[in-house]
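In the UniProt record's numbering, the protein residues as written are 1 to 421.
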């Protein structure tokens, strides 16, 4: 009943949240024609393919928040999904280690949060028992989370997309959305599709509804349908070091510090990878380009947009000292290694080399506060009843992706009249 570029619903964004959402939509509404569009020439090109690969248990998040509920549920759904789809993973566990007495209160707060969130089999272990789990790690007390794991989230994203295509969904790469607009009713006998998405090549897709999951560009895409610029996305690059292959025996599982609970950043940590690598880091510094994975990647307009945003200026002023420390760790491997030696004293600068980087989409409000939970938006005006934007899907969005997809589709059911399609 539709032409090749007509459909019921368009999902914008081929990252893990977009692919999971498209898959969930089609599983609930198998009679609908759904198209997933991605601006790059492959899926999972950005945050979904540039992360530490951890399956989080749900310890860090404030009880009662969506982040907490979706992470704990997402972990259960993820492991079940990996088993059903033969995706390799390892439940290598995680230690959150206090190395100083002043960290013990925050460690206890985290433990209480984990209990309140329903994290399974978590326990407190004393310093003397830490080497039984991680022989080269030292600390005075730690939380042990046995169900924290590792997986290749890029592979998971592409498996979601394969499920979607196998069920009859359509995926279009190299499709960057430039505009949304409403169509006028036509007089011929074609099915009337009220919404159009225009792409860079000036070709349109007509549909009834659109859901956007645009990650690092979620604010820009939302503004195409007259939404507010707030929350603004500010890109933070996280740079990792790699343990040299002959030193990988120093680490068995994930080793994390006790974080500063005022920030959503978890601090520098040791993370084994599915391919045998061990990543150390990351730091967190302002990226000069939204998709800037190298220090010298620079986009003038995006950089000016970040530093002239009032919220960013307030954030920089408030945390200037911390920002300088992060910059130092970006330039100096020895500064980064000094942080890591608190946990593994025998680590030296000679044991590491520079590794990959990721860029995190950090949502900020105009007061300089980090927006730390999910934000949905449809804006105002005629387009509002046709478009739903996922404007902030904060870490751990990969772990939570199947649970997030259920929530996004619930939101779409609430916002759109899908039962009439």
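Ideal placement from N, C-alpha and C gives every residue a C-beta, glycine not left out.
A quick note: this is a predicted structure, and the numbers were derived from the prediction, not measured.
Original post:
Between which two residues does the beta strand (DSSP E) harbouring residue 60 extend?
Top reply: Locating residue 60 in the chain shown gives position 60, where the first residue counts as 1. No beta strand (DSSP E) contains residue 60, which DSSP labels as neither H nor E.
**OP:** Evaluate residue 257 with the Cβ neighbour count: other Cβ atoms within 10 Å of its Cβ, from every protein chain shown; 16 or more gives buried, anything less gives exposed.
**Re:** Looking up residue 257 in the chain shown gives position 257. Counting Cβ neighbours within 10 Å, residue 257 comes out buried, since at least 16 surround it.
Subject >> Beta-carbon proximity check, residue 383 vs residue 180, cutoff 7 Å >> reply: Mapped onto the chain shown, residue 383 falls at position 383. Mapped onto the chain shown, residue 180 falls at position 180. It is a contact, given that the beta carbons lie within the stated cut-off.
**OP:** Starting from the Cα of residue 344, find the closest Cα among 87, 20 and 98 and give me that residue.
**Re:** Position 344 of the chain shown, counting from 1, holds the residue named residue 344. Closest by alpha carbon: 98.
**OP:** Could you check if residue 417 is buried or exposed, using at least 16 other CB atoms within 10 Å of its CB as the buried criterion?
**Re:** By one-based count along the chain shown, residue 417 stands at place 417. Exposed, because fewer than 16 other Cβ atoms sit within 10 Å of the Cβ of residue 417.
Original post:
Would you call the stretch 52-66 and the stretch 268-284 touching, i.e. three or more CB-CB distances under 8 Å?
Top reply: yes
Original post:
For residue 178, which three-state DSSP category applies?
Top reply: As a working note, residue 178 is residue 178 in the chain shown. Of the three classes helix, strand and coil, the one that applies to residue 178 here is strand, per DSSP.
**OP:** Using the Cα positions of residue 337 and residue 138, report the straight-line distance between them to the nearest angstrom.
**Re:** Here residue 337 refers to the residue found at position 337 of the chain shown. Here residue 138 refers to the residue found at position 138 of the chain shown. Roughly 15 Å separates the two Cα atoms.
**OP:** Please report the residue range of the alpha helix (DSSP H) in which residue 123 lies.
**Re:** The residue given as residue 123 occupies position 123 in the chain shown. Taken as a continuous stretch (DSSP letters only), residue 123 belongs to no alpha helix (DSSP H), being part of the beta strand (DSSP E) at 123-126.
Original post:
Hey, residue 353 and residue 280: beta-carbon distance below 7 Å or not?
Top reply: The residue labelled residue 353 in the question sits at position 353 within the chain shown. The residue labelled residue 280 in the question sits at position 280 within the chain shown. Taking 7 Å as the Cβ cut-off, residue 353 and residue 280 do not qualify as a contacting pair.
Subject >> Segment limits, alpha helix (DSSP H) that includes residue 338 >> reply: Residue numbering aside, residue 338 sits at position 338 when the chain shown is read from its first letter. Residue 338 -> alpha helix (DSSP H) spans 333-341.
Original post:
DSSP three-state call for residue 133: helix, strand or coil?
Top reply: Taking the chain shown and counting its residues from 1, the one referred to as residue 133 is at position 133. DSSP places residue 133 within a helical segment (H, G or I) once states are collapsed to three.
Original post:
CB residue 151 to CB residue 161, shorter than 7 Å?
Top reply: Here the question's residue 151 lines up with position 151 in the chain shown. Here the question's residue 161 lines up with position 161 in the chain shown. Contact flag unset, no.
Subject >> residue 144 in three-state terms, based on DSSP >> reply: As a position in the chain shown, residue 144 is number 144, starting the count at 1. Here residue 144 sits in strand by DSSP.
Original post:
Quick one, which of 390, 349 and 109 has its alpha-carbon nearest residue 405's?
Top reply: Your numbering for residue 405 matches position 405 in the chain shown. Selected option, being the one with the closest Cα: 390.
Subject >> Same chain, Cβ closer than 6 Å to residue 357, neighbours up to 5 away in sequence not counted >> reply: As a position in the chain shown, residue 357 is number 357, starting the count at 1. The beta carbon of residue 357 sits closer than 6 Å to the beta carbons of 237, 239 and 293 from its chain, once the five residues preceding and following it are set aside; these are given in chain order.
Subject >> residue 160, enclosing alpha helix (DSSP H) - first and last residue >> reply: The sequence position of residue 160 within the chain shown is 160, counting from 1. Where residue 160 is concerned, the enclosing alpha helix (DSSP H) stretches over 153-166.
Subject >> Buried or exposed by the 16-neighbour rule on C-beta atoms within 10 Å, applied to residue 123 >> reply: Position 123 of the chain shown, counted from the first residue, corresponds to residue 123. Flag for residue 123 reads exposed.
**OP:** Report yes if the CB atom of residue 145 is closer than 7 Å to the CB atom of residue 94, and no otherwise.
**Re:** As a working note, residue 145 is residue 145 in the chain shown. As a working note, residue 94 is residue 94 in the chain shown. The answer is yes: Cβ separation under 7 Å.
Original post:
Going straight from the alpha carbon of residue 300 to that of residue 96, what length do you get?
Top reply: On the chain shown, position 300 is the one that residue 300 refers to. On the chain shown, position 96 is the one that residue 96 refers to. Each residue's Cα considered, the two are about 39 Å apart.
Subject >> Assigned secondary structure, residue 102 (DSSP; H/G/I helix, E/B strand, else coil) >> reply: To locate residue 102, count along the chain shown from 1; it is residue 102. Residue 102 falls in the helix class under three-state DSSP.
**OP:** Examine the Cβ distances between the stretch 27-45 and the stretch 56-75 and report whether three or more of them are shorter than 8 Å.
**Re:** no
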